[in-house]
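To start, the structure under review is shown below, and the notes come after it.
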Amino acid sequence: MNLFDTHTHLDAPQFDEDREEIIQRALDAGVSRMINVGFNRETIPSTMKLAETHDFIYAAVGWHPQDAITMQEGDLEWIASLCSHEKVVAIGEIGLDYYWDTSPKEIQHHVLRQQIGLARELKMPIVIHNRDAHEDIVKILREEKASEVGGVMHSYSGSWETAKLCLNMGFHLSFGGPITFKNAKQPKEVLAQVPMDRLLIETDSPYLTPHPFRGKRNESAHVRLVAEAAAQIKGVELEEIAQITTQNALERFGIV
Numbered sequence: 004m005n006l007f008d009t010h011t012h013l014d015a016p017q018f019d020e021d022r023e024e025i026i027q028r029a030l031d032a033g034v035s036r037m038i039n040v041g042f043n044r045e046t047i048p049s050t051m052k053l054a055e056t057h058d059f060i061y062a063a064v065g066w067h068p069q070d071a072i073t074m075q076e077g078d079l080e081w082i083a084s085l086c087s088h089e090k091v092v093a094i095g096e097i098g099l100d101y102y103w104d105t106s107p108k109e110i111q112h113h114v115l116r117q118q119i120g121l122a123r124e125l126k127m128p129i130v131i132h133n134r135d136a137h138e139d140i141v142k143i144l145r146e147e148k149a150s151e152v153g154g155v156m157h158s159y160s161g162s163w164e165t166a167k168l169c170l171n172m173g174f175h176l177s178f179g180g181p182i183t184f185k186n187a188k189q190p191k192e193v194l195a196q197v198p199m200d201r202l203l204i205e206t207d208s209p210y211l212t213p214h215p216f217r218g219k220r221n222e223s224a225h226v227r228l229v230a231e232a233a234a235q236i237k238g239v240e241l242e243e244i245a246q247i248t249t250q251n252a253l254e255r256f257g258i259v
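Numbering (our numbering), first residue to last: 4 to 259.
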């Protein structure tokens with residue numbers, strides 16, 4: 004098995020007691036590569052440390068919409084400087100979050116536009132966080148010409164109509180634990196229609212834990228459960244989903 008967890012947070016404090024054991028468990032489960040995501044002043048350095056310590060861990064760095072209000076002068080230049088690192092493969096996670104009231108919408112919009120502009124300048128793919136902001140996300144991606152770099156709609160939760168708009172802008176759609184939930188009708192319906200060459204899988208660990216471990220801490224080894232669910236929805240073998248999603252990730256993030 005050759006699985007790729009395209010979105011994880013192994014530097015989260017939930018893993019402070021057993022981080023290396025969690026990483027080894029992922030390897031034992033057939034997870035050959037992972038992308039750890041640094042999204043603010045605290046997590047970007049710890050993400051870089053993980054990527055530099057482990058050959059099979061890559062980094063995405065950006066400013067999360069929940070933390071948009073904390074972004075200061077010089078932070079965009081900091082992200083830009085890190086993008087020259089051989090292990091940094093994307094700018095993210097960036098986007099909009101209208102669920103948590105932690106940063107005003109206008110500030111979220113400004114920070115997102117800044118980072119898309121940086122991605123276009125550096126020719127880096129972007130990883131989009133979108134919670135309850137589908138219309139505005141599509142609008143900003145279009146206005147900022149994000150199709151020039153493309154990227155990933157992380158933990159996709161929108162409709163098929165929105166998915167088609169994102170696919171037309173060159174984005175891949177990534178799915179995680181929710182596709183294993185009995186009541187998650189929409190993500191399953193969307194995944195069933197996504198072209199195989201635009202499909203990615205992830206855990207977003209320690210969050211969004213798949214069934215049958217829902218409610219417990221998530222970990223990268225559980226990306227196999229996501230792959231199993233995706234295989235069932237697509238009507239193909241697990242090995243095919245693993246092979247295709249890994250190849251998609253390697254191509255999307257420019258990993259040789």
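Glycine included, every Cβ here is placed at the ideal spot set by N, Cα and C.
Residues bridged to residue i (per DSSP)
{"i": "Leu-53", "result": "Bridge partners of Leu-53: none, in fact."}
{"i": "Val-152", "result": "None; Val-152 has no bridge partner."}
{"i": "Tyr-61", "result": "Ile-38"}
{"i": "Arg-134", "result": "Asp-100"}
{"i": "Asp-8", "result": "Met-37"}
{"i": "Ala-93", "result": "Ala-63"}
{"i": "Ser-208", "result": "Thr-11"}
{"i": "Ile-129", "result": "Ile-94, Gly-154"}
Extent of the continuous beta strand (DSSP E) to which residue i belongs
{"i": "Thr-139", "result": "A small fix is needed here, since residue 139 is Asp in this sequence, not Thr. Premise fails: Asp-139 lies in the alpha helix (DSSP H), 137–146, not in any beta strand (DSSP E)."}
{"i": "Leu-176", "result": "174–178"}
{"i": "Leu-79", "result": "Run containing Leu-79: none in the beta strand (DSSP E); it sits in the alpha helix (DSSP H), 78–85."}
Buried or exposed (CB count within 10 angstroms, at least 16 for buried), residue i
{"i": "Asn-221", "result": "buried"}
{"i": "Glu-109", "result": "exposed"}
{"i": "Glu-164", "result": "exposed"}
{"i": "Asp-100", "result": "buried"}
{"i": "Glu-205", "result": "buried"}
{"i": "Met-156", "result": "buried"}
{"i": "Pro-128", "result": "buried"}
{"i": "Gly-98", "result": "buried"}
{"i": "Glu-151", "result": "exposed"}
{"i": "Glu-147", "result": "buried"}
{"i": "Ala-54", "result": "buried"}
{"i": "Pro-16", "result": "exposed"}
{"i": "Ser-162", "result": "exposed"}
Proximity of residue i and residue j at Cβ, strictly below 8 Å
{"i": "His-10", "j": "Asp-207", "result": "yes"}
{"i": "Ile-140", "j": "His-112", "result": "no"}
{"i": "Ala-149", "j": "Leu-121", "result": "no"}
{"i": "Ile-60", "j": "Met-37", "result": "yes"}
{"i": "Leu-79", "j": "Gln-117", "result": "yes"}
{"i": "Ala-29", "j": "Asp-14", "result": "no"}
{"i": "Ile-236", "j": "Lys-185", "result": "no"}
{"i": "Phe-42", "j": "Trp-66", "result": "yes"}
{"i": "Leu-6", "j": "Arg-255", "result": "no"}
{"i": "Ala-252", "j": "Val-34", "result": "no"}
{"i": "Ile-258", "j": "Val-64", "result": "no"}
{"i": "Val-197", "j": "Ala-166", "result": "yes"}
{"i": "Pro-48", "j": "His-132", "result": "no"}
Terminal residues of the alpha helix (DSSP H) in which residue i lies
{"i": "Leu-203", "result": "Careful: Leu-203 lies outside any alpha helix (DSSP H), inside the beta strand (DSSP E) at 202–204."}
{"i": "Val-229", "result": "226–237"}
{"i": "Glu-45", "result": "Looking at the DSSP string, Glu-45 is not in any alpha helix (DSSP H), and its letter there is neither H nor E."}
{"i": "Glu-20", "result": "It is not in any alpha helix (DSSP H) - Glu-20 carries neither H nor E in the DSSP assignment."}
{"i": "Arg-116", "result": "108–125"}
{"i": "Ile-244", "result": "241–255"}
{"i": "Ala-195", "result": "188–196"}
{"i": "Asn-171", "result": "163–171"}
Rounded straight-line distance, which links the Cα of residue j to that of residue i
{"i": "Ala-62", "j": "Leu-125", "result": "16 Å"}
{"i": "Ser-158", "j": "Asp-58", "result": "25 Å"}
{"i": "Asp-70", "j": "Gly-173", "result": "26 Å"}
{"i": "Ile-279", "j": "Lys-52", "result": "The first residue shown for the chain is 4 and the last is 259, placing residue 279 beyond what the model contains."}
{"i": "Glu-24", "j": "Arg-145", "result": "42 Å"}
{"i": "Pro-181", "j": "Cys-169", "result": "20 Å"}
{"i": "Glu-242", "j": "Met-4", "result": "7 Å"}
{"i": "Val-130", "j": "Pro-209", "result": "18 Å"}
{"i": "Tyr-102", "j": "Thr-56", "result": "34 Å"}
{"i": "Thr-46", "j": "Leu-211", "result": "19 Å"}
{"i": "Ala-187", "j": "Phe-216", "result": "16 Å"}
{"i": "Gln-75", "j": "Thr-249", "result": "36 Å"}
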